[in-house]
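Chemist: Dumping the structure here so I can ask a few things about it.
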Amino acid sequence: MEQLTMTGQKRREAAARGTVRDSAAYDMAPGEIARARAFVREFLDTVRSQHGLTISARAADISQLVVSELATNVCKYAPGPCLLDVESDGVLLDISMWDSGPVLPTASPADPTRIGQHGLELVLMVCQSFTVHSEPVGKRIRVQVPLNGDLSAPNTW
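Numbering (this note's numbering), first residue to last: 84 to 240.
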C-alpha cells in the first residue's frame with residue numbers, strides 16, 4: 084500500500100475551502116481490505132481531531148463497511164491496482180474507488196436465500212448516493228455517506 088498524503092500546503096488549502104481529502108493506493112489483495120478500512124478510520128479520526136468536524140459513530144462504522152465491501156469486490160473481480168480517495172466537507176464523506184477492471188458492478192435482485200454476493204446491496208442501502216463510471220482504463224465507484232449517520236435522506240442512485 085502506498086498512501087498518497089496531501090502536503091501541508093494542499094491540506095491548508097482544502098481546509099480553507101471547507102474540505103479535507105486524502106488518497107491511498109493498493110495492489111489489491113485480501114490483506115489490503117483491512118488496510119483500506121484502517122485508512123478510512125484514520126482519515127475520519129483526523130477530520131474529527133484536527134479539523135473539528137462532527138462524525139457520528141454510525142457514520143464511521145458505515146464508512147468502514149462500505150470501503151470493506153468495495154475493496155472486497157476489487158479483490159474478487161479486479162485484483163490489481165486500486166486507488167481509494169476520501170473527501171469530506173463536514174456534511175458528507177465522499178468515497179471514490181478506482182480499479183482496473185472493465186466490468187461495471189450491478190446489484191443482484193433481492194434473494195434472501197442466496198448465500199453471499201450481498202455486498203453491493205448493502206452499499207446501496209447505506210449510502211446517500213452511488214455512481215459508477217467507466218474510465219479509459221477500469222472504472223470508478225463513488226459513494227457518499229452522511230457524517231451525522233442520518234440515512235433518512237433519499238438515495239440518489
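All C-beta atoms, glycine included, are put in the ideal place defined by N, C-alpha and C.
Under a Cβ-count criterion, where at least 16 other Cβ atoms within 10 Å of its own Cβ denotes burial, should M186 be classed as buried or exposed?
Modeler: Taking the first residue of the sequence shown as position 1, residue 186 is located at position 103. The question names Met, but residue 186 in the sequence shown is Val. Answer is exposed; the Cβ neighbour count stays below 16.
Chemist: Tell me, to the nearest whole angstrom, how far the beta carbon of S139 is from that of N231; I am working on the premise that it is less than 8 Å.
Modeler: Within the sequence shown, numbered from 1, the residue matching residue 139 stands at position 56. Within the sequence shown, numbered from 1, the residue matching residue 231 stands at position 148. With 8 Å as the limit, S139 and N231 qualify as a contact, their Cβ atoms being about 5 Å apart.
Chemist: With contact counted as at least three CB pairs below 8 Å, one residue from each stretch, are the region 145 to 163 and the region 108 to 115 in contact?
Modeler: Yes, they touch.
Chemist: Would you tell me roughly how many angstroms separate the C-alpha atoms of S146 and S106, rounded to the nearest one?
Modeler: Sequence index remark: in the sequence shown, residue 146 carries index 63 (1-based). Sequence index remark: in the sequence shown, residue 106 carries index 23 (1-based). Between S146 and S106, the C-alpha separation is close to 15 Å.
Chemist: Do you know how far the Cα of V206 is from the Cα of V228?
Modeler: The residue you call residue 228 lines up with position 145 of the sequence shown. The residue you call residue 206 lines up with position 123 of the sequence shown. Taking the straight line joining both Cα atoms gives about 10 Å.
Chemist: Three-state secondary structure (DSSP) at S171?
Modeler: If you number the sequence shown from 1, residue 171 lands on position 88. Residue state, collapsed to three classes: strand.
Chemist: Taking I116 and A154 to be in contact with their CB atoms under 8 Å, please state how far apart those CB atoms are, rounded to whole angstroms.
Modeler: By one-based count along the sequence shown, residue 116 stands at place 33. By one-based count along the sequence shown, residue 154 stands at place 71. Contact flag correct, Cβ pair sits at about 4 Å.
Chemist: Among R131, R118 and N156, which has the Cα closest to the Cα of R104?
Modeler: Along the sequence shown, one-based indexing puts residue 104 at 21. Closest option to R104, Cα to Cα, is R131.
Chemist: Indicate the three-state DSSP secondary structure (helix, strand or coil) for A117 in the structure shown.
Modeler: Counting from 1 along the sequence shown, the entry for residue 117 is found at position 34. Correct three-state label for A117: helix.
Chemist: Candidates R118, F213, F122 and T196: which alpha carbon is nearest L175's?
Modeler: Start at 1 with the first residue of the sequence shown, and residue 175 comes out as number 92. Taking only the C-alpha atoms, the option nearest L175 is F213.
Chemist: Using DSSP's beta-bridge definition, name the partner residues of C165.
Modeler: Walking along the sequence shown from the start, residue 165 turns up at place 82. Y109 and D182.
Chemist: Suppose contacts are defined by Cβ-Cβ distances below 8 Å. Is V149 in contact with V226 by that definition?
Modeler: Locating residue 149 in the sequence shown gives position 66, counting from the first residue. Locating residue 226 in the sequence shown gives position 143, counting from the first residue. Closer than 8 Å, so yes.
Chemist: Counting only the same chain and skipping the five closest in sequence on each side, list residues whose C-beta sits under 6 Å from that of A97.
Modeler: Against the sequence shown, residue 97 aligns to sequence position 14. Note that A97 scores a pLDDT of 47, beneath 50, so its modelled location is shaky; the value from the coordinates is reported in the next line. Here the set comprises V103 and R104.
Chemist: Give the straight-line distance between the Cα atoms of T189 and G114, rounded to the nearest whole angstrom.
Modeler: Taking the sequence shown and counting its residues from 1, one reaches residue 189 at position 106. Taking the sequence shown and counting its residues from 1, one reaches residue 114 at position 31. Each residue's alpha carbon lies about 25 Å from the other.
Chemist: Is T196 near the ligand HEM, in the sense that its beta carbon is under 7 Å from a heavy atom of that ligand?
Modeler: Among the ligands in the structure shown, none appear at all, so the ligand HEM cannot be discussed.
Chemist: Please report the distance separating the alpha-carbon of V123 from that of D182.
Modeler: Taking the sequence shown and counting its residues from 1, one reaches residue 123 at position 40. Taking the sequence shown and counting its residues from 1, one reaches residue 182 at position 99. So the alpha carbons of these two residues sit roughly 17 Å apart.
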